[in-house]
Amino acid sequence: MDRVRRGVAAAAALMTATGLLAACSANADSGKPELIWYINPDSGGQAKVAANCSTDDYTISTQVLPQDANEQRIQLARRLAARDSGIDIMSIDPPFTAEFSNAGFLAPIPQDLQDKLKEQSFKGATDAATWDGKLVVAPFWSNTQVLWYRKSFAEKAGIDMSQPVTWDQIIDAAAKNGGKVAVQSNKYEGYVVWINALISGAGGELATDTDKGVDLKLEIDSPAGEKAAAVIEKLAHSPAAPADLSVAQEGQAGSTFGGPQGAFMVNWTYIYNNYEASDPGFNKDIGYTRYPQTVQGEDSRPPYGGIGLGVSKYSQHIDDAMQAVECLTSPENQEVNAELTGNMPASQAGYQANGDALQKTYPADLLQLFQDSLDAAAPRTVTPYWSDISGGLQSTWHPPASVNSDTPAKSQSFIYDVLHGRSLL
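Next comes the structure, spelled out in structure tokens:
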């Protein structure tokens, strides 16, 4: 048993009897199976498609996981390591797919369903759902970040947003004109998303040779890593940095952008609909374009996020759960989820599955930007040891004001020590 599986198995000891009994996956009154789907928090999309996909043979019920992605991972891993049969289906964040698969927690997806999902899904979604050459979760929604900007501010600053822009350009424009650049840089997974996008945008990767386990090759201490660190250092010490930079997550970034100094923001697709209800007409001042370039003239690599649906190996209803997953991830239900949550489909067909439903909420050019950005996106490194890499980056790149030219080398050394048991996170 490898170190990842030993780690999550040890964590299982923390589970209480109450937790194990909390989610029974059968309806005792009717005898009809109740499939329990553990979901990330959203605004009702997953509950709606669960209702859509419940049948005469089974009912799909949802249970909500914590907001923080790493806490979601911990809760699921503890229960799966304890072989808890109370989980049937899981919404899994892409960085943890390889870990769960490598630990043996996921039931194999039948080959015919793998083929169907690969054919319908964006390449980035398929790559993020694949481990050891096999699709191990079903792509459900695929998210990306774009650069949002206030049209009025860009006009005042005299910056041409019809052309690709760099991080240096937007930081300078905001600093010189009293604006703020909103990012996610709290000590959490979202900060690593930014670091990964910056490094990828400079032509680098966080790690290669991931098939070698803990002997993978880290690429953080590299010219690309240095360019990424330079962007973070520049923003952190600029007047364009929001006051809450070191604790900013998606919501805080959205608030900064919607405030009196809002200028530029990188954030996920769902943020577009966060303003109009409370500030009618605000969306008329929102512009959008491709994610900023780390290096001028080199195409940016926007972040990739999303959710894949996995079936627990310990479910007592694996066949029913696989049938349910096929329904839940259909283009029609992907679009239903997108309408309700702003989390975009994992398939091109999902953008048009129910006519022009999404087009009624989002401008056509914005939907096209989402799809183009997904095609160019850089998923985080697919490895069972992602939690060690992510935790090491958070420990050594936070707070942003501490980042300098030495940070890439220090972080790489620390992460190697963590991977080989010489240091603890």
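Residues -28 to -1, 1 to 397 in mature numbering (1 follows the signal peptide of the UniProt record, and there is no 0) are what the sequence shown spells out, letter by letter.
Here a beta-carbon is modelled for each residue, glycine too, at the ideal position from N, C-alpha and C.
Can you tell me whether DSSP reads Phe254 as helix, strand or coil?
helix
Looking at the unbroken beta strand (DSSP E) that takes in Met237, where does it start and where does it end?
234 to 240
Excluding sequence positions up to five away, which residues of its chain have a Cβ less than 6 angstroms from the Cβ of Asp257?
Arg122, Lys123, Ser124
Considering Cα atoms alone, identify which of Tyr388, Pro372, Arg394, Ser385 is closest to Val164.
Pro372
Under the rule that 16 or more other beta-carbon atoms within 10 Å means buried, what is Thr180, buried or exposed?
exposed
Given Ser63, which residues of its chain have a CB within under 6 angstroms of its CB, disregarding the five upstream and five downstream residues?
Ile11, Asn12, Ile279
Tell me which residue opens and which closes the alpha helix (DSSP H) that Arg51 is part of.
Annotation: the continuous alpha helix (DSSP H) that includes Arg51 extends over 41 to 53.
Contact defined as beta carbons within less than 8 angstroms: I believe Ala101 pairs with Thr69. What is the distance between those atoms, to the nearest angstrom?
6 angstroms
DSSP on Leu346, reduced to helix/strand/coil?
helix
Given this structure, state the Cα-to-Cα distance separating Gln384 from Thr182, to the nearest angstrom.
15 angstroms
Within 10 Å of its beta-carbon, does Ala249 have 16 or more other beta-carbons around it, so buried, or fewer, so exposed?
Its Cβ having fewer than 16 others within 10 Å, Ala249 is exposed.
Given a threshold of 16 other Cβ atoms within 10 Å of its Cβ, counted over all protein chains shown, does Glu198 qualify as buried or as exposed?
buried
Just verifying my parser: in three-state terms, what is the DSSP assignment at Lys152?
strand
Candidates Lys206, Ala208, Ser172, Ala202: which alpha carbon is nearest Glu191's?
Ser172
Which first and last residues belong to the alpha helix (DSSP H) in which Ile361 is found?
Residue range 358 to 369 is occupied by the alpha helix (DSSP H) that includes Ile361.
CA-CA distance, Asp328 and Gln340?
Straight across, the Cα-Cα distance linking Asp328 with Gln340 is about 13 angstroms.
Using beta-carbon positions only, say whether Tyr357 and Gln117 come within less than 8 angstroms of one another.
no
Rounded to a whole number of angstroms, what is the C-alpha to C-alpha distance between Pro317 and Ala22?
If you draw a straight line from the Cα of Pro317 to the Cα of Ala22, it is about 16 angstroms long.
Could you have a look at Thr138 and say whether DSSP puts it in helix, strand or coil?
strand
Note down, one range per segment and in chain order, each alpha helix (DSSP H) of at least 4 residues found wholly within the segment 279 to 345.
Here the runs fully enclosed are 290 to 300, 303 to 313.
In chain order, what residues of the same chain lie with their CB nearer than 8 angstroms to the CB of Gln86, ignoring the 5 residues before and after it?
Lys106, Leu107
Would you identify the three-state DSSP class for residue 415, choosing helix, strand or coil?
As displayed, the chain neither begins before -28 nor continues past 397, which places residue 415 out of reach and without an answer.
Please report how far the alpha carbon of Cys299 lies from the alpha carbon of Ser319, in whole angstroms.
In this model, Cys299 and Ser319 are separated by some 14 angstroms (Cα to Cα).
With DSSP as the reference, identify every bridge partner of Ser93, one or two as the case may be.
Ser319
Less than 8 angstroms between the C-beta atoms of Ala147 and Pro211, yes or no?
yes
Whether or not the segment 19 to 37 and the segment 331 to 345 are in contact is what I'm after, with contact meaning three or more pairs of Cβ atoms, one per stretch, closer than 8 angstroms; do they touch?
no
Label Gly322 either buried or exposed according to how many other C-beta atoms from any shown protein chain fall within 10 Å of its C-beta, with 16 as the threshold for buried.
buried
Report the three-state DSSP secondary structure of Thr228 (helix, strand or coil).
helix
The alpha helix (DSSP H) with Gln35 in it runs from where to where?
Unbroken run through Gln35 is the beta strand (DSSP E), 31 to 36; no alpha helix (DSSP H).
Using a threshold of 8 angstroms, state whether the C-beta atoms of Ala145 and Ile167 are closer than that.
no
How about Ala220 and Gln156: are their beta carbons less than 8 angstroms apart?
yes
Below 8 angstroms between beta carbons: does that hold for Ile61 and Leu281?
yes
Please give me, in chain order, every unbroken run of the beta strand (DSSP E) with length at least 3 that falls completely inside the segment 100 to 140.
Entirely contained in the segment 100 to 140, the beta strand (DSSP E) runs reaching 3 residues are, in chain order, 110 to 122.
For Ser377, does the count of other Cβ atoms within 10 angstroms reach 16, so buried, or fall short, so exposed?
Of the residues assessed, Ser377 falls on the exposed side of the cut-off, its CB having fewer than 16 other CB atoms within 10 angstroms.
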